[in-house]
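Q: Quick one: structure below, then a few questions.
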Amino acid sequence: MPVHTVGRVQGTIDPADHPYLQGAWTPLHEEVDATDLKVLAGQVPTDIDGVYLRNTENPVFQAIGRYHPFDGDGMLHMAAFQGGRVTYRNRFVRTKGLAAEMEAGRSLWAGLLEDPARSTRPGWGAHGSLKDSSSTDVVVHAGRALTTFYQCGEGYRMDPLTLEAEGIPPWSPLDGISAHCKVDESSGELLFFNYSKHAPYMHYGVVDRHDKLVHYVPVPLPGPRLPHDMAITKHFAILGDFPLFWDPDLLAQGKHVVRFHRDVPSRFAIIPRRGATSEIRWFEAAPTFVLHFLNAYEEGDEIVLDGYFQDDPMPRNYEGAPAGYERMMSYLDQYKMGTRLHRWRFNLRTGQTTEQRMDDRILEFGMFNQRYAMQPYRYAYSAVQVPGWFLFHGYVKHDLQTGQSWQVQLPEGQYASEAPFAPRVGAKDEDDGYLVTFITDEAAGRSEVALIDSKRFEEGPVCRIELPHKICSGTHSCWANGADLREGGLLAPAR
Ligand SMILES: [Fe+2]
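Counted from 1, the sequence shown has number 121 at position 6 by this note's numbering; the numbering is strictly sequential.
Right under this line is the structure:
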């Protein structure tokens, strides 16, 4: 396995006994390029062509006070498949914040769990005192990878194959962009939102396939909110206003404490994709907080939206957590929050919302075949969390038409990533392809990139390829088709 070490960052982070600086969450500080990776099981299929990108959280410097895994410095990992071969590389996201801290040799910004007054400089985004570590999400738009930060940051671009840094998008607005901007592979557009502590509290925007900001409008909210994801259909964008937000009185004192208001409905904004603020239609729904949506599409008078409903968005403190981390541990535990597959239907004619629970299991971090985005689709894939931990150890495939489902469970001590769907080259069916994931095997002390054949889902990984180092866990990922990248854009083939 030829491995070229490109860089190694000298950090000061001390894992001590922090639950999210150990095991599969041990930060990685080296950057490598690797080719001809060792195949541990199965063989690399020749009918997968494209790039799997995953953003992870790798804190470099000792935190100011308590560390939250979402504070970690972003690192992008890339596994490219073509012609039965795999190449891998990883790079830190060289954010302005990380550059300043490298120069100072220490952390300059306090994290999510700390008093913002402990940050030594103004921060970024909605919170305002955090470092924009660009460590939450990644998409590919206009031929470039774009990493984003959940509290809204500037966004950082990298070449999706070489991971060479390409800076901040010139259109990045003053209030930044949230994680979970959406790429419409059929039009090449990027649709995004941001949120802030000042009125109108949210904006929605569109960047076209030529990388021009062509639309940017206010989405007025009643106050500062914490939306995390959005959804798109062929003609509409869907944004959320959920009753989980910073306590306004405490916020006035500079304290960021979230509260869930069980008697306040959830609200969904449905706006034509190039629509004005005046064209927004609001739909009310049962109180919850939605971390992630799946697909959405138009069907007659209705808009269908799939995602994960939380039964208890403000769970009780985690028992047995290290002192000071009780709240963090419970908010990272989907079993505490009760995250379940859910379908909302918004009737554009009547203005009514109907809702349906799709499965009783605790699931989140959904993926689907992007070629079926914004249209009635059949297969959804969800990740299964390890109870108590922000780690995944399995997946569920749902047939949304029949209600049938299939589950994969990894052996004890193996932890997977969010796993996007990679269509097989020449695929005819929606589920003809692979889920692509990184797996960290704690017993073996290594990480792998693995493929699950969706047609043989319950067999688990059909191919496992060793990575040159053990990677740290993180949050989001994406798949970009090789043919789309080579054409210089990210446009879906004609359907
Ligand atoms: Fe997310």
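Don't be surprised by glycine CBs; every beta carbon is placed ideally from N, CA and C.
Report the CB separation of GLY481 from HIS407 in whole angstroms; it is logged as a contact under 8 angstroms.
A: 6 angstroms
Q: For ALA149 versus VAL118, is the C-beta distance shorter than 8 angstroms?
A: yes
Q: Using 7 angstroms as the cut-off, classify the Cβ of ALA438 as near or not near the heavy atoms of ligand 1, replying yes or no.
A: no
Q: What's the gap between the Cα of MET193 and the Cα of PRO358?
A: 36 angstroms
Q: When we look at the beta-carbon of THR127 and count the other beta-carbons within 10 Å, is it buried (16 or more) or exposed?
A: exposed
Q: Can you list the residues near ligand 1, meaning Cβ strictly closer than 7 angstroms to any non-hydrogen atom, in the order they appear in the chain?
A: THR251, ASP252, TYR265, ALA294, HIS295, HIS343, ASP344, LEU406, HIS407, THR590, HIS591
Q: In whole angstroms, what separates the C-alpha of MET217 from that of TYR494?
A: 44 angstroms
Q: Taking the alpha-carbon of TYR492 as reference, which of TYR412, GLY138, GLY390 has the nearest alpha-carbon?
A: When the alpha-carbon of TYR492 is set against those of TYR412, GLY138, GLY390, the nearest one is in TYR412.
Q: In three-state terms, what does DSSP make of GLN266?
A: coil
Q: Could you tell me which residues DSSP puts in a beta bridge with TRP239?
A: LEU245
Q: Apart from the five residues on each side of it in sequence, which residues of its chain come closer than 6 angstroms, Cβ to Cβ, to VAL540?
A: ASP162, ASP164
Q: Count the other CB atoms, across all protein chains shown, that sit within 10 Å of the CB of ALA314; report buried if there are 16 or more and exposed otherwise.
A: exposed
Q: Considering Cα atoms alone, identify which of MET273, CYS267, ASP299 is closest to GLU310.
A: Here residue 310 turns out to be Tyr, not Glu, going by the sequence shown. Here the closest residue by C-alpha is CYS267.
Q: Which residue's Cα is closest to the Cα of ARG431: GLY453, GLY415, PHE424?
A: GLY453
Q: Applying the 10 Å Cβ sphere with the 16-neighbour rule, what's the burial state of LYS327?
A: exposed
Q: With distance defined between alpha-carbon atoms, name the residue in VAL166, GLU146, GLU145, GLN137 nearest to VAL564.
A: Minimum Cα distance to VAL564 is reached at VAL166.
Q: Count the other C-beta atoms from every protein chain shown that fall within 10 angstroms of the C-beta of SER393, then say buried if there are 16 or more, exposed otherwise.
A: Exposed, because fewer than 16 other Cβ atoms sit within 10 Å of the Cβ of SER393.
Q: Is LEU359 helix, strand or coil by DSSP?
A: Of the three classes helix, strand and coil, the one that applies to LEU359 here is strand, per DSSP.
Q: Express the C-alpha separation of SER302 and HIS133 in angstroms, rounding to a whole number.
A: 44 angstroms
Q: What first and last residue would you give for the alpha helix (DSSP H) that runs through LYS211?
A: 211-219
Q: Do the CB positions of VAL321 and ARG389 come within less than 8 angstroms of each other?
A: yes
Q: Inspect the CB distances between the segment 281-290 and the segment 219-226 and report whether three or more fall short of 8 angstroms.
A: no
Q: Residue range of the beta strand (DSSP E) that GLY597 falls in?
A: GLY597 -> not in any beta strand (DSSP E); alpha helix (DSSP H) instead, spanning 597-601.
Q: Note the first and the last residue of the continuous beta strand (DSSP E) segment covering GLY381.
A: Just to set this straight, residue 381 is Ser in the shown sequence, not Gly. Start and end: 381-387.
Q: Find out if the Cβ-Cβ distance for the pair ILE347, ASP299 is shorter than 8 angstroms.
A: yes
Q: If you follow the alpha helix (DSSP H) that LYS451 is in, where does it begin and where does it stop?
A: 449-452
Q: Are the beta-carbon atoms of ILE456 and GLU417 separated by less than 8 angstroms?
A: Position check: residue 456 holds Leu in this sequence, whereas Ile was assumed. Cβ distance not < 8 angstroms, so LEU456 and GLU417 don't count as in contact.
Q: Using CA atoms only, rank isn't needed, just tell me which of VAL332, PRO387, PRO335, TYR319 is closest to HIS350.
A: PRO387
Q: DSSP state of ARG493, grouped into three classes?
A: coil
Q: If I follow the unbroken alpha helix (DSSP H) through ARG442, where does it start and stop?
A: 441-446
Q: Straight-line CA distance for LEU276 to ALA195?
A: 7 angstroms
Q: Using the beta-carbon count (16 or more within 10 Å), is LEU566 buried or exposed?
A: Burial call: buried.
Q: Assuming GLY157 contacts ARG601 under a Cβ cut-off of 8 angstroms, what Cβ separation, rounded to an integer in Å, is found between them?
A: Not a contact, Cβ separation roughly 26 angstroms.
Q: Please name the residue in TRP594, ASP448, PRO526 whose C-alpha comes closest to that of GLN485.
A: TRP594
Q: Under a Cβ-count criterion, where at least 16 other Cβ atoms within 10 Å of its own Cβ denotes burial, should VAL329 be classed as buried or exposed?
A: exposed
Q: Along the beta strand (DSSP E) that carries MET482, what are the first and last residues, could you check?
A: According to the DSSP assignment, MET482 belongs to the beta strand (DSSP E) that extends over 479-482.
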